[in-house]
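Trainee:
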DNA sequence: CCCCTGACTAGAA
DNA sequence: TTTCTAGCCAGGG
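Residue numbers (our numbering): 186 to 272.
(1) Just verifying my parser: in three-state terms, what is the DSSP assignment at residue 235?
(2) By the 10 Å Cβ neighbour count, where 16 or more other Cβ atoms means buried, how is residue 285 classified, buried or exposed?
(3) Given a cut-off of 8 Å, decide if residue 196 and residue 221 are closer than it, judged by their beta-carbon atoms.
(4) Return helix, strand or coil for residue 199, following the three-state DSSP convention.
(5) Around the C-beta of residue 235, are 16 or more other C-beta atoms found within 10 angstroms, so that it is buried, or is it exposed?
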């Protein structure tokens, strides 16, 4: 487990219902500013156990391979998603 | 070690 | 507005 993965996973695990952060914010918060891509790679291989749906792309755009599913999960958190974007 | 890809971004053209 | 480029980190060939 790399330092990056360890820190990034913890940042995401701390997210509460209603919270939405971008890949870049997670990376910066984890101490690796600019490593937004690595966050995506991490979520891709990481199974459940973390609120991955609360991580979106810059501008609130849903970048997950299944935007519809992510939008539904966000809705359960009380977050409104319009045209695949969080406002 | 080199090269390419990707749930990314910000800035330049 | 759309397209490119450069930067970043992890992974795979």
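Just so you know, even glycine gets a beta-carbon here, dropped at the ideal spot from N, CA and C.
Mentor: Reading off the structure:
(1) coil
(2) No statement about residue 285 is possible, as the shown extent of the chain runs from 186 to 272 and does not include it.
(3) no
(4) coil
(5) buried
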